[in-house]
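**Q** After the structure tokens below, expect a handful of questions from me.
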Amino acid sequence: MPMSSTEATVSKAEPATSLHREPSGGLRVALQATFRRDLTLLLRRRGEVLNPLVFFALVITLFPIGISPDPELLSTIAPGLLWVAALLAALLSLDSLFRGDYDDGSLEQLLLSPQPLAALALAKVAVHWLLTGLPLALMAPVLGIMLSLPAGSYLVLSLSLALGSASLSLIGAIGAALTVGLARGGVLLSLLVLPLYIPVLIFGAGAVQAAILGDSITAHLAILGALLAVALMLAPWAIAASLRISING
Amino acid sequence: MTLRLQARELACERDDRWLFEDLDLDIVAGEIVRIEGPNGSGKTTLLKILSGQLADYHGELFWNEMPMRQARDAFLSSLLYLGHTTGVKAALTPLENLAWYQAMAGGPDSEPARLAALDGVGLAGFEDLPTGQLSAGQQRRVALARLELTPRPLWVLDEPFTAIDRQGVAELEARLEAHARNGGSVLVTTHHALRATPALRHVRLGAGNAHVQH
Amino acid sequence: MAFSSLNDFLAMGGHGPYVWSAWAMTLLLLLGSVLHARHERRQLIRQLQRRSRRERHHAAQGRTPRSPSRVGDINDT
Amino acid sequence: MWTFIHKLGSPKWFYVISARLLPWFWAAAAVLIVVGSIWGLAFAPADYQQGNSFRIIYVHVPAAFLAQSIFVAMAVSGLIFMVWKIKIADMAAAMMAPLGAAMTFIALFSGAVWGVPTWGTWWMWDARLTSMLILLFLYVGVIALRGAFSSRDSASRAASVLALVGVINIPIIKYSVDWWYTLHQPATFSVTSRPAMPLEMWMPLLIMVLGFYCFFIALTLTRTRSEILRREATKHWVRELAGEGR
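Chains as they are written, first to last, in full-length UniProt numbering: chain A, 1 to 249; chain B, 1 to 214; chain C, 1 to 77; chain D, 1 to 246.
Following this line, the structure appears as structure tokens:
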């Protein structure tokens, strides 16, 4: 349809004052829409969701081959191996977190929304966790069986990974936001982010270790929860600031 | 209706190089302001500053007589910015793309409005194809559909005519003029020569100083 | 004095190699950073002088040097 | 107060004032480090447990202190730069980072060397050494990030954000590594854990620590002055200085 006719309706239906419409739906609508959009996007490119999971399984396969198939040996190192492999798998998917938005210009639009950027970034990180951290946590017990992880620690493994990977997504998003404007940000991203992952790794793998030894795991999970709370409070602001820097790169 | 974007002694220094200095601008309702200048004269940077993306400038900005820092929220909800890149997701359909923009603008979720907007830019029949399968010009049109979908008084458009055919250019130009007639304002960079109308004004960047011509 | 002879001092009660290598590495890095800072500073000043000489030369020939702080100019540093 | 801070933030003013302070800091650093070294190496009594290998702490501890302090100083400079847009703060932060990394390396190296006579191995996953190693990675990250941007303005901001994120994380990392270490290894004694050092032992240590701090200030001032010349090369006052050869 040619533009001239719509233009006529525009000028009739929209007197000058209606141009000044205030946003009515507010933050909730924008958050929902961003969440839904990112979810749809990732689900449409299923490879991006599956790759970290395949990577996780592959790395776990390498260890018995590289070290020894001895179940006893494997069971002692299993908690650490599973956690490190899951952490690397989560890291793998970070680079694409803001890359697409940066390349096609949606990031500028995100920045120019009247809604707070930190909240919108949080919605994006939530999608990342939902499609990376959570599947990794659900998959870990299967790989645990392959490493002869002692019984009684499977639930803790999943729980600690689910809780910990949320912190990993938040911290990692800062690194992703800082490097999104760089042509080859991938390796740099892991250099920036991995040292910051260490506390989560310590308490996550520690929780599984404690469960195997029959110790109480509440302290570990509580600390993982506390780390997540701190990350939730501070990371969105750092992500927002980093995105603003990257857009001007 | 009030709409006034003022810049006073605006200057931008990027890595110890002055892109422009001492730029005074006063944009009021009903104007189409075209920013001109050779490559690298800071057109895009100026648009980014005037659209509130870059905070790294000297001088002052005012929105409706209020300093920009205080008026930022009101300003952003009056602004529609279209950048160099379209801001359109290739994996989503035009309808889905527009749904996100509608929600981000705080408008009601209305599919008829989205369909009408796509129809308005000549994309009827393409609503449900992944945008990545459309031509570059059509993708640009998806972005342009936002002009009708989310009405905002101030349009800031960076090279909006890129990849658009001659028919589309004429339509878009008519649309900009209609917007100015309705009391809106347009800030635009383009290599395309705009039709002279009373609303049109030029700002030249380059050679260190900005020249404002009326 | 904790040592009775120079040999004692150098031997550090059998821990000589460890003590001296740690101290040597420290000294090396401290001195290295001082020398680097000095070299950096001298080079910069030399560069600035060369530049101001060049500009005086241009001015003497009646050509106005392009001011790099202006638009459309490439910084020639 | 505000005018003072902004004046200090002006490169020219900083350049002039720092020139007056510099000789004092260099002199103090040289005297303190020489006195501390002689005292620590030759006059302090040997440790009754570790013998003379404990003399490594006279470089290890100051380097480790400085390594952590420099990161904090870098983050504070980054904050000042981000909030008040004072460029000097960013120049200083940029110049501090390599020295911080060097200090971290000294602490790691001396700690590892100290481990040979004490633990019988070149590397122990000791809590302190592990934290230092992570700190080294953080430094490398900040330096690499700053180098990766083509626009210096963006590089400065990005490095500032990362330094701030890092400085919030350092105590968390430190505590979790300490906790991890005690869990896996009953606390053996480390480079610095020793009860009540006698005065003759810790006086030289104190002198060395002060000397290292003076060295850090002197070097950072010197290099920041160079950085001013580099970044402000087009400014009139820098050209005048250059003409005079100062």
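We put the beta carbon where it would ideally sit given N, CA and C, even for glycine. Keep in mind the model is a prediction, meaning the values are calculated, not measured.
Report the CB separation of phenylalanine 81 (chain D) from alanine 93 (chain D) in whole angstroms; it is logged as a contact under 8 Å.
**A** Residue numbering aside, residue 81 (chain D) sits at position 81 when the fourth sequence is read from its first letter. Residue numbering aside, residue 93 (chain D) sits at position 93 when the fourth sequence is read from its first letter. That pair is a contact at about 7 Å.
**Q** Taking a Cβ distance cut-off of 8 Å, strictly less, list which residues of the stretch 194–226 of chain D are near chain C, in chain order.
**A** Phe215, Leu219, Thr222, Arg223, Arg225 and Ser226
**Q** Compare the Cα-Cα distances from residue 276 (chain B) to each of A:Gln209, A:Thr132, A:Arg44 and A:Leu196 and report the closest residue.
**A** Residue 276 (chain B) lies beyond the residue range present for chain B, which begins at 1 and ends at 214; the question has no answer from this structure.
**Q** Under three-state DSSP, which class holds phenylalanine 3 (chain C)?
**A** Sequence index remark: in the third sequence, residue 3 (chain C) carries index 3 (1-based). In this structure, phenylalanine 3 (chain C) counts as coil in the three-state DSSP scheme.
**Q** For glutamate 13 (chain B), which beta-bridge partners are listed by DSSP?
**A** If you number the second sequence from 1, residue 13 (chain B) lands on position 13. DSSP lists B:Trp18 as partners of glutamate 13 (chain B).
**Q** Going straight from the alpha carbon of methionine 95 (chain D) to that of methionine 132 (chain D), what length do you get?
**A** For the purposes of this step, residue 95 (chain D) is taken as the residue at position 95 of the fourth sequence. For the purposes of this step, residue 132 (chain D) is taken as the residue at position 132 of the fourth sequence. The straight-line gap from Cα to Cα measures roughly 20 Å.
**Q** Please go through the same chain and pick out, in chain order, the residues whose beta-carbon is closer than 6 Å to the beta-carbon of histidine 128 (chain A), but skip the five residues on each side of it.
**A** Position 128 of the first sequence, counting from 1, holds the residue named residue 128 (chain A). Contacts found: Leu97 and Ser169.
**Q** In the stretch 71–96 of chain D, which residues sit with their C-beta less than 7 Å from some C-beta in chain A, listed in chain order?
**A** none
**Q** With a threshold of 7 Å between beta carbons, is tryptophan 123 (chain D) in contact with chain A?
**A** As a first step, residue 123 (chain D) must be located in the fourth sequence, where it is residue number 123. No, its Cβ sits nowhere closer than 7 Å to a Cβ of chain A.
**Q** Can you check whether the C-beta of glycine 105 (chain A) is within less than 7 Å of a C-beta belonging to chain B?
**A** The sequence position of residue 105 (chain A) within the first sequence is 105, counting from 1. At least one chain B Cβ lies under 7 Å of glycine 105 (chain A).
**Q** Can the beta-carbon of glycine 137 (chain B) be found less than 7 Å from the beta-carbon of aspartate 109 (chain B)?
**A** Here residue 137 (chain B) corresponds to residue number 137 of the second sequence, with the count starting at 1. Here residue 109 (chain B) corresponds to residue number 109 of the second sequence, with the count starting at 1. No, Cβ-Cβ distance for glycine 137 (chain B) and aspartate 109 (chain B) is not below 7 Å.
**Q** With distances taken Cα to Cα, identify the nearest neighbour of phenylalanine 137 (chain D) among D:Gly100, D:Arg231 and D:Phe25.
**A** Numbered from its first residue, the fourth sequence carries residue 137 (chain D) at position 137. Nearest in C-alpha terms to phenylalanine 137 (chain D), of all of D:Gly100, D:Arg231 and D:Phe25, is D:Gly100.
**Q** Please report how far the alpha carbon of valine 29 (chain A) lies from the alpha carbon of glutamine 209 (chain A), in whole angstroms.
**A** Here residue 29 (chain A) is taken as the residue at index 29 of the first sequence, counted from 1. Here residue 209 (chain A) is taken as the residue at index 209 of the first sequence, counted from 1. Each residue's alpha carbon lies about 43 Å from the other.
**Q** Mind checking which residues open and close the beta strand (DSSP E) that includes tyrosine 57 (chain B)?
**A** Within the second sequence, numbered from 1, the residue matching residue 57 (chain B) stands at position 57. Careful: tyrosine 57 (chain B) lies outside any beta strand (DSSP E) and carries neither H nor E.
**Q** With three or more beta-carbon pairs closer than 8 Å as the criterion, would you say the stretch 41–55 of chain D touches the stretch 145–156 of chain D?
**A** With a cut-off of 8 Å, the stretch 145–156 of chain D and the stretch 41–55 of chain D do not count as touching, because too few Cβ pairs lie within range.
**Q** Can you have a look at glutamate 9 (chain B) and say buried or exposed, based on whether 16 or more other CB atoms are within 10 angstroms of its CB?
**A** Walking along the second sequence from the start, residue 9 (chain B) turns up at place 9. Exposed, by the Cβ-count rule.
**Q** Are alanine 176 (chain A) and leucine 228 (chain A) touching if we call contact CB-CB under 7 Å?
**A** The residue given as residue 176 (chain A) occupies position 176 in the first sequence. The residue given as residue 228 (chain A) occupies position 228 in the first sequence. Result no, Cβ atoms of alanine 176 (chain A) and leucine 228 (chain A) do not sit closer than 7 Å.
**Q** What does a CB cutoff of less than 7 Å around glycine 42 (chain B) pick up in its chain, not counting 5 residues either side in sequence?
**A** The sequence position of residue 42 (chain B) within the second sequence is 42, counting from 1. Cys12, Leu19, Phe20 and Leu205.
**Q** Determine the chain B residues that contact asparagine 248 (chain A) at a beta-carbon separation under 8 Å, and present them in chain order.
**A** Taking the first residue of the first sequence as position 1, residue 248 (chain A) is located at position 248. Going along chain B in sequence order, the residues near asparagine 248 (chain A) (Cβ under 8 Å) are Lys48, Gln53, Leu54 and Asp56.
**Q** Only counting the same chain, and skipping five residues up and downstream in sequence, which positions put a Cβ closer than 7 Å to that of alanine 107 (chain D)?
**A** Here residue 107 (chain D) is taken as the residue at index 107 of the fourth sequence, counted from 1. Here the set comprises His60, Ala63, Ala64, Ala67 and Met132.
**Q** Which of the three DSSP states, helix, strand or coil, is assigned to glutamate 36 (chain B)?
**A** Position 36 of the second sequence, counted from the start, is the residue given in the question as residue 36 (chain B). Looking at glutamate 36 (chain B) - three-state DSSP - the assignment turns out to be strand.
**Q** Kindly indicate if chain D contains any beta-carbon less than 7 Å away from that of serine 4 (chain C).
**A** For the purposes of this step, residue 4 (chain C) is taken as the residue at position 4 of the third sequence. Not closer than 7 Å to any Cβ of chain D, the Cβ of serine 4 (chain C) fails to qualify, so no.
**Q** So, is isoleucine 65 (chain A) buried or exposed, given that buried needs 16 or more other C-beta atoms within 10 angstroms?
**A** As a position in the first sequence, residue 65 (chain A) is number 65, starting the count at 1. Flag for isoleucine 65 (chain A) reads exposed.
**Q** Taking the DSSP output, what are the residues bridged to serine 185 (chain B)?
**A** In the second sequence, the residue the question calls residue 185 (chain B) occupies position 185. Paired residues: B:Leu154.
**Q** Name the chain A residues that come within less than 7 Å of isoleucine 134 (chain D), Cβ to Cβ?
**A** By 1-based counting over the fourth sequence, the position of residue 134 (chain D) is 134. Those are Pro195 and Ile198, listed as they occur along chain A.
**Q** Smallest Cα separation from tyrosine 139 (chain D): which of D:Ser69, D:Trp122 and D:Met124?
**A** Within the fourth sequence, numbered from 1, the residue matching residue 139 (chain D) stands at position 139. Measuring from the Cα of tyrosine 139 (chain D), the nearest candidate turns out to be D:Ser69.
**Q** Can you grab the Cα-Cα spacing for the pair alanine 29 (chain D) / valine 35 (chain D), in whole Å?
**A** Against the fourth sequence, residue 29 (chain D) aligns to sequence position 29. Against the fourth sequence, residue 35 (chain D) aligns to sequence position 35. Going by the C-alpha atoms only, they are around 10 Å apart.
**Q** Rounded to a whole number of angstroms, what is the C-alpha to C-alpha distance between threonine 76 (chain A) and alanine 74 (chain B)?
**A** Locating residue 76 (chain A) in the first sequence gives position 76, counting from the first residue. Locating residue 74 (chain B) in the second sequence gives position 74, counting from the first residue. Cα to Cα, threonine 76 (chain A) sits roughly 59 Å from alanine 74 (chain B).
**Q** Counting along the chain, where does the beta strand (DSSP E) carrying leucine 205 (chain B) start and finish?
**A** On the second sequence, residue 205 (chain B) is found 205 positions in, with the first residue counted as 1. Premise fails: leucine 205 (chain B) is in no beta strand (DSSP E) and is neither H nor E.
**Q** Quick check: the stretch 210–223 of chain A against the stretch 25–33 of chain B, are there 3 or more CB pairs under 8 Å?
**A** Too few Cβ pairs lie closer than 8 Å, so no.
**Q** So alanine 86 (chain A) and alanine 140 (chain A) are in contact, right, with Cβ under 8 Å, and what is the actual spacing, rounded?
**A** The residue given as residue 86 (chain A) occupies position 86 in the first sequence. The residue given as residue 140 (chain A) occupies position 140 in the first sequence. Sure, about 6 Å apart at Cβ, within 8 Å.
**Q** Counting only the same chain and skipping the five closest in sequence on each side, list residues whose C-beta sits under 6 Å from that of glycine 184 (chain B).
**A** Within the second sequence, numbered from 1, the residue matching residue 184 (chain B) stands at position 184. Within the same chain, glycine 184 (chain B) has close Cβ partners Pro153.
**Q** At the 7 Å Cβ level, is leucine 73 (chain A) part of the contact set with chain D, yes or no?
**A** Along the first sequence, read from residue 1 onward, the residue named residue 73 (chain A) stands at position 73. It does not; no Cβ of chain D falls within 7 Å.
**Q** So that I know if they touch, is there some Cβ in chain A lying closer than 7 Å to that of alanine 11 (chain B)?
**A** Residue numbering aside, residue 11 (chain B) sits at position 11 when the second sequence is read from its first letter. Not one chain A Cβ lies under 7 Å of alanine 11 (chain B).
**Q** Sort out for me which residues DSSP pairs valine 28 (chain B) with in a bridge.
**A** Taking the first residue of the second sequence as position 1, residue 28 (chain B) is located at position 28. Valine 28 (chain B) pairs with B:Arg4.
**Q** What is the DSSP secondary structure of aspartate 47 (chain D), reduced to helix, strand or coil?
**A** Position 47 of the fourth sequence, counted from the first residue, corresponds to residue 47 (chain D). Assignment of aspartate 47 (chain D) by DSSP, reduced to helix, strand and coil, places it in the strand class.
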